[in-house]
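Here the structure comes first, spelled out in structure tokens, and everything after it is commentary.
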Amino acid sequence: MHGVDPSQFRQLLGRFATGVTVVTTRDRSGKPIGMTASSVASVSLDPPLVLVSVAHDNDMHPALKAADRFVLNVLAADQEAISRRFAEDHPNRFDGIGYRETRLGLPVLEGVLASIECEKQAEAPGGDHTVFFGLVTGGTVSDGRPLLYYRGGYVGLGGGGGGGR
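Be aware that the sequence shown starts at 1, since it is given in our numbering, and climbs by one per residue.
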């Protein structure tokens, strides 16, 4: 059995508004690496588990395969430029981007609404993606409005239609 074509799939799921995150870790050489991700979800309260889905052809994929830990950075409404930067195919996405390090040396972007520190627990195949599961081990929160993605575009709370697809 075959599913819907990719265009219809994007159109269908585009009606599901999501928060925008940047998942960060360090690559094998210790360099910070990150990727914009909206395929993120809570999985379990006990234990506290989250998931993030990463395409096989993304440079973040081998980094997360090798990493023991990662951070989900929940972006604020004024961080659209950061989301776009980490969505690019760019070897040095951190150039000019402010960040601090956790006590374990993981990069946390400045100005995020939340940083969710995770210990990788498992991974599972998901078509052309791998789903990485993380045990939430810590994090920080701040007040503000979230950056949202809907219908192929960025929107604010109470906003309209996004990209119009």
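Note that the Cβ used here is the ideal one computed from N, Cα and C, for glycine as well.
Beta-carbon proximity check, residue i vs residue j, cutoff 9 angstroms
i, j, result
"VAL74", "THR25", "no"
"GLU101", "VAL112", "no"
"PHE132", "LEU64", "yes"
"ASP27", "ALA66", "yes"
Delimiting residues of the alpha helix (DSSP H) encompassing residue i
i, result
"ILE97", "Looking at the DSSP string, ILE97 is not in any alpha helix (DSSP H), and its letter there is neither H nor E."
"LYS65", "60 to 66"
"PRO6", "6 to 13"
Closest residue to residue i among the options (Cα-Cα distance)
i, options, result
"ASN58", "SER7, VAL23, TYR99", "VAL23"
"ASP123", "GLU110, HIS56, TYR99, ASP143", "With the sequence shown as reference, residue 123 is identified as Glu, and Asp is not the correct amino acid for it. Nearest option by C-alpha distance: HIS56."
"ARG167", "TYR154, GLN8, HIS61, MET35", "Residue 167 lies beyond the stretch modelled for the chain, which goes from 1 to 165, so this question has no answer here."
"ASP89", "ARG69, GLU110, GLY98, HIS61", "HIS61"
"GLY34", "PRO91, VAL136, GLY14", "PRO91"
beta-carbon residue i near the ligand FMN non-hydrogen atom, thresh 8 angstroms
i, result
"VAL20", "Only the bare structure without any ligand can be found here, which leaves the ligand FMN out of the picture."
Boundaries (first-last residue) of the beta strand (DSSP E) holding residue i
i, result
"SER115", "114 to 126"
"ALA41", "40 to 44"
"ARG26", "21 to 26"
With 16 other Cβ atoms within 10 Å as the buried cut-off, status of residue i
i, result
"PHE86", "buried"
"VAL4", "exposed"
"THR137", "exposed"
Exercise. Would you call the region 86 to 103 and the region 42 to 53 in contact, with 3 or more CB pairs under 8 angstroms?
Worked result: no
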